[in-house]
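*Asks:* Mind looking over this structure? Questions follow.
Residue numbers (our numbering): 1493 to 1688.
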């Protein structure tokens, strides 16, 4: 059996599974259900927090006090990382693909309200150099006395993937509780980490 590493508890889990009766009727079957990962918490809501529970635990275990991650200007992952940092008394730098907006809104506004340091880079830089840029920030913050930890885009790496491994275990348990068996699971993805 797979040994699952420890995590820090940031999410309200398990999230419930609801049947979408109206959609099922409109489509005249099949029965459609939804896993309500939008109910994982407040500023940490959404599926991103599942992966962060493992990434941030690893950072804390290594004695880190500064999180660095990347994403688009309206990245849910970046917002969740900034919120986790505040909750745990850590600092955070977000490397965002896009331009600084004079009037921030949505997740960018939340990032700022949460006190994250924000560095904007172009789409080309993001595509070709984001890892090097984050490594540079890590070195810079190390010189300033911080112990930084880099979380890749979407926390989509080995440690982060445990968030969705355990989500699948949660779904299997809920199938038993609900007395159903899902034929197919469909999900959206950006960085690919949810497909663990």
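For every residue, glycine included, the Cβ atom is placed at its ideal position computed from N, Cα and C.
Apart from the five residues just before and just after residue 1538, which ones in its own chain have a Cβ nearer than 7 angstroms to its Cβ?
*Replies:* In the chain shown, counting from the first residue as 1, residue 1538 sits at position 46. Counting only Cβ-Cβ distances below 7 angstroms, and skipping sequence neighbours, we find 1529, 1530, 1532, 1568 and 1572.
*Asks:* Please list, in chain order, all residues of the same chain as residue 1498 whose beta carbon is under 7 angstroms from its beta carbon, the five residues on each side excluded.
*Replies:* Taking the chain shown and counting its residues from 1, the one referred to as residue 1498 is at position 6. Once the five neighbours on either side are set aside, the close Cβ partners of residue 1498 are 1549.
*Asks:* DSSP has residue 1676 in a bridge; who is on the other side?
*Replies:* Locating residue 1676 in the chain shown gives position 184, where the first residue counts as 1. The partner list for residue 1676 (beta bridge, DSSP) is empty, contrary to what the question assumes.
*Asks:* Just the Cα atoms here: how many angstroms apart are residue 1525 and residue 1668?
*Replies:* Walking along the chain shown from the start, residue 1525 turns up at place 33. Walking along the chain shown from the start, residue 1668 turns up at place 176. Their backbone Cα atoms lie some 15 angstroms apart in a straight line.
*Asks:* Which full runs of the beta strand (DSSP E) of 3+ residues lie inside the segment 1511-1585, going along the chain?
*Replies:* You should have 1525-1527 and 1558-1564.
*Asks:* Where does residue 1663 fall in DSSP's three states?
*Replies:* Along the chain shown, one-based indexing puts residue 1663 at 171. Residue 1663: helix per DSSP, three-state reduction.
*Asks:* When you measure from the CB of residue 1586 to every non-hydrogen atom of the ligand SAM, does any distance come out below 7 angstroms?
*Replies:* Looking for the ligand SAM in the displayed structure turns up nothing, as the structure carries no ligands at all.
*Asks:* Could you compute how far the alpha carbon of residue 1611 sits from the alpha carbon of residue 1620?
*Replies:* Here residue 1611 is taken as the residue at index 119 of the chain shown, counted from 1. Here residue 1620 is taken as the residue at index 128 of the chain shown, counted from 1. Distance between the alpha carbons of residue 1611 and residue 1620: 16 angstroms.
*Asks:* Give the straight-line distance between the Cα atoms of residue 1659 and residue 1570, rounded to the nearest whole angstrom.
*Replies:* Stepping through the chain shown from its first residue, residue 1659 is reached at position 167. Stepping through the chain shown from its first residue, residue 1570 is reached at position 78. Their Cα atoms are separated by approximately 21 angstroms.
*Asks:* Can you give me the Cβ contacts of residue 1566 inside the same chain, cut-off strictly under 6 angstroms, excluding the 5 residues immediately before and after it?
*Replies:* Counting from one through the chain shown, the residue named residue 1566 turns up at place 74. Only 1598 and 1599 meet the Cβ criterion.
*Asks:* Identify the continuous beta strand (DSSP E) that holds residue 1611 and give its terminal residues.
*Replies:* Here residue 1611 refers to the residue found at position 119 of the chain shown. Taken as a continuous stretch (DSSP letters only), the beta strand (DSSP E) holding residue 1611 covers 1609-1613.
*Asks:* Enumerate, from N- to C-terminal direction, the unbroken alpha helix (DSSP H) stretches of 4 or more residues contained entirely within the segment 1591-1653.
*Replies:* DSSP runs (the alpha helix (DSSP H)) wholly in the segment 1591-1653: 1598-1605 and 1615-1635.
*Asks:* Put residue 1670 into one of helix, strand or coil per three-state DSSP.
*Replies:* Locating residue 1670 in the chain shown gives position 178, where the first residue counts as 1. In this structure, residue 1670 counts as helix in the three-state DSSP scheme.
*Asks:* Going by C-alpha to C-alpha distance, which of 1680, 1657 and 1675 sits closest to residue 1545?
*Replies:* Position 53 of the chain shown holds residue 1545. Among 1680, 1657 and 1675, the Cα nearest to that of residue 1545 is on 1657.
*Asks:* Measuring straight from C-alpha to C-alpha, what distance separates residue 1626 and residue 1678?
*Replies:* For the purposes of this step, residue 1626 is identified with residue 134 of the chain shown, where counting begins at 1. For the purposes of this step, residue 1678 is identified with residue 186 of the chain shown, where counting begins at 1. C-alpha separation (whole angstroms): 32 angstroms.
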